[in-house]
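Asks: In the working numbering, the protein residues as written are 25 to 214. One structure is given below, represented as structure tokens, and several questions about it will come after.
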């Protein structure tokens, strides 16, 4: 298999590993959303590895073939490594939960002591696109935050999801992250 598989190869891998069809519908919807986001960011002048975003969107829930718990990200990353997939793709799979997990949060959830915060633009795009889907249905950021609140997910985690959404929006509008915008471009409140 190619270390960054094409769409048909990624879908075949999901089926080979035993991912349920509802998960496959979900990852296709996430991928379509991630590609729309990547196209807007590219149009704003910021380069994005489109092949990596597509493969990451398709394979981000590879671990759901084994578990539907939070550990599915770690399991999926391990499966991706086993299949010889690109390390950048492995990290997209590993870091896609919400807006990522700190080492402390990961340990508190019983995951290996590691950093699960998306750091590359491609990791952030896939994580954000995943936040905008419930199953295979697109939802708003407001709806995602409401769902998180109803599930008793902390205010801190909800803020991280919101902050990731605004960071992606900054890339879509300006072609760069909010940390690279001059104060006069940020508006009158800054």
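All C-beta atoms, glycine included, are put in the ideal place defined by N, C-alpha and C.
Considering Cα atoms alone, identify which of 191, 165, 194 and 152 is closest to residue 59.
Replies: In terms of Cα proximity to residue 59, the closest of 191, 165, 194 and 152 is 152.
Asks: At which residues does the alpha helix (DSSP H) containing residue 111 begin and terminate?
Replies: 111–118
Asks: Please list the terminal residues of the continuous alpha helix (DSSP H) segment that includes residue 31.
Replies: For residue 31, the uninterrupted alpha helix (DSSP H) run begins and ends at 31–41, by DSSP.
Asks: Do the CB positions of residue 113 and residue 83 come within less than 8 angstroms of each other?
Replies: yes
Asks: Measuring only the C-alpha atoms, how far is residue 109 from residue 199?
Replies: 28 angstroms
Asks: Once you ignore the five residues that flank residue 57 on each side, which residues in its own chain have a CB closer than 6 angstroms to its CB?
Replies: 153 and 156
Asks: What does the Cβ neighbour count give for residue 55, buried or exposed, with the cut at 16 atoms within 10 Å?
Replies: buried
Asks: According to DSSP, is residue 135 part of a helix, a strand, or is it coil?
Replies: coil
Asks: Excluding five sequence neighbours on each side, which residues of the same chain lie with their C-beta closer than 8 angstroms to the C-beta of residue 186?
Replies: Annotation for residue 186: 165 and 169 place their beta carbon closer than 8 angstroms to its own, counting only its chain and skipping 5 residues before and after.
Asks: Quick check on DSSP: helix, strand or coil for residue 156?
Replies: coil
Asks: What residues in its chain sit with their C-beta under 7 angstroms from that of residue 101, if we drop five residues either side in the sequence?
Replies: 114, 117 and 118
Asks: By the DSSP assignment, the alpha helix (DSSP H) with residue 98 in it spans what residues?
Replies: Residue 98: member of the alpha helix (DSSP H) spanning 96–106, first to last residue.
Asks: Can you give me the Cβ contacts of residue 66 inside the same chain, cut-off strictly under 7 angstroms, excluding the 5 residues immediately before and after it?
Replies: 72
Asks: To the nearest angstrom, how far is the alpha carbon of residue 178 from that of residue 196?
Replies: C-alpha separation (whole angstroms): 27 angstroms.
Asks: What is the DSSP secondary structure of residue 122, counted as helix, strand or coil?
Replies: strand
Asks: Can you tell which of 94, 31, 128 and 78 has its C-alpha closest to the C-alpha of residue 146?
Replies: The candidate whose alpha carbon is nearest that of residue 146 is 78.
Asks: Between which two residues does the alpha helix (DSSP H) harbouring residue 77 extend?
Replies: Counting along the chain, the alpha helix (DSSP H) containing residue 77 begins and ends at 74–83.
Asks: What is the C-beta distance between residue 140 and residue 124, in whole angstroms, given that I count them as a contact (C-beta under 8 angstroms)?
Replies: 5 angstroms
Asks: Where does residue 137 land, buried or exposed, given buried means 16+ other C-beta within 10 angstroms?
Replies: exposed
Asks: Have a look at residue 40 and residue 75 and give me their C-alpha separation to the nearest angstrom.
Replies: 21 angstroms
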